[in-house]
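A.B. asks: Okay, handing you the structure first.
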Amino acid sequence: MFPFDPLAFASSGNHHALDVPPSSVAVNRCAALATLRTIQYGPATLTNTGAQRMKPITFSREETKAMVADIQDYFRDELDQSIGDIPAEMLMRFFAERIGPYFYNRGLYDSQGILMKQMDTLTDSIYGLEQKTAFVR
680 MFPFDPLAFA SSGNHHALDV PPSSVAVNRC AALATLRTIQ YGPATLTNTG AQRMKPITFS
740 REETKAMVAD IQDYFRDELD QSIGDIPAEM LMRFFAERIG PYFYNRGLYD SQGILMKQMD
800 TLTDSIYGLE QKTAFVR
């Protein structure tokens with residue numbers, strides 16, 4: 680499926696998460712969809728192609744403080760260095776913005792796999808309810 684066309688991929692609906700390498704999806708799809716006119720729709724953003732893209736993730740002040748403390752603990756315990764609140768929060772925001780989408784996408788792929796397995800089970804259950812008739816599909 681190369682060269683990769685993110686708009687066709689996003690709007691086709693006929694794809695599986697493993698059709699395209701995750702890095703291509705994350706970078707190309709987000710870059711292409713970012714240029715489209717969007718409207719807010721529930722927890723995600725709906726583009727004019729009908730595809731959704733990730734809504735920015737925000738953390739409460741308490742969550743941010745907890746993550747900053749974890750970063751400071753890591754620097755102290757693993758690197759024998761201290762790091763202040765502001766640099767630790769800047770580092771947390773850097774990872775959230777730049778690295779976070781990789782984890783987010785992996786979660787989406789895992790969720791899609793679970794959903795596909797459940798849909799297969801549901802489809803099998805529905806076919807199991809079918810009654811015998813003279814007509815066979």
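Following my numbering, the numbering of the sequence shown begins with 680 at its first residue and continues without gaps. Positions of the beta carbon are idealized from the N, C-alpha and C atoms, including for glycine.
1. Would you kindly check if the distance between the Cβ of residue 751 and the Cβ of residue 767 is under 8 Å?
2. Output the boundary residues of the alpha helix (DSSP H) element that contains residue 789.
3. Need the endpoints of the alpha helix (DSSP H) that residue 751 sits in, please.
4. How should residue 747 be labelled, buried or exposed, when 16 other C-beta atoms within 10 angstroms of its C-beta is the threshold for buried?
5. Taking residue 757 as the reference, give the member of 782, 805 and 749 with the closest Cα.
6. Considering residue 773, what are the terminal residues of the alpha helix (DSSP H) in which it resides?
7. Taking the Cβ atom as the reference point for each residue, do residue 736 and residue 779 lie within a distance shorter than 8 Å?
8. Between residue 783 and chain B, is any beta-carbon pair separated by less than 8 Å?
9. Taking just the CA atoms, how far does residue 788 sit from residue 771?
10. Using CA atoms only, rank isn't needed, just tell me which of 790, 738, 804 and 743 is closest to residue 765.
11. Tell me the rounded alpha-carbon separation between residue 803 and residue 786.
12. Hey, how far is the Cα of residue 775 from the Cα of residue 815?
C.D. replies: Here's the rundown:
1. Walking along the sequence shown from the start, residue 767 turns up at place 88. Walking along the sequence shown from the start, residue 751 turns up at place 72. Yes; because the gap between Cβ atoms is below 8 Å, this pair is in contact.
2. To locate residue 789, count along the sequence shown from 1; it is residue 110. Unbroken alpha helix (DSSP H) run through residue 789: 779–807.
3. As a first step, residue 751 must be located in the sequence shown, where it is residue number 72. Note, residue 751: alpha helix (DSSP H), 740–758.
4. As a first step, residue 747 must be located in the sequence shown, where it is residue number 68. The residue in question, residue 747, is buried, as its Cβ has 16 or more Cβ neighbours within 10 Å.
5. If you number the sequence shown from 1, residue 757 lands on position 78. Nearest of 782, 805 and 749 to residue 757, Cα basis: 749.
6. Position 94 of the sequence shown holds residue 773. Looking at the DSSP string, the run of the alpha helix (DSSP H) that includes residue 773 is 764–773.
7. Counting from 1 along the sequence shown, the entry for residue 736 is found at position 57. Counting from 1 along the sequence shown, the entry for residue 779 is found at position 100. Yes, these two residues count as a Cβ contact at 8 Å.
8. Any reference to chain B falls outside this structure, which holds one protein chain only.
9. For the purposes of this step, residue 771 is identified with residue 92 of the sequence shown, where counting begins at 1. For the purposes of this step, residue 788 is identified with residue 109 of the sequence shown, where counting begins at 1. Computed Cα separation, rounded: 24 Å.
10. To locate residue 765, count along the sequence shown from 1; it is residue 86. The shortest Cα separation from residue 765 among 790, 738, 804 and 743 belongs to 743.
11. Stepping through the sequence shown from its first residue, residue 803 is reached at position 124. Stepping through the sequence shown from its first residue, residue 786 is reached at position 107. Roughly 26 Å between the two C-alpha positions.
12. Position 96 of the sequence shown holds residue 775. Position 136 of the sequence shown holds residue 815. Each residue's alpha carbon lies about 54 Å from the other.
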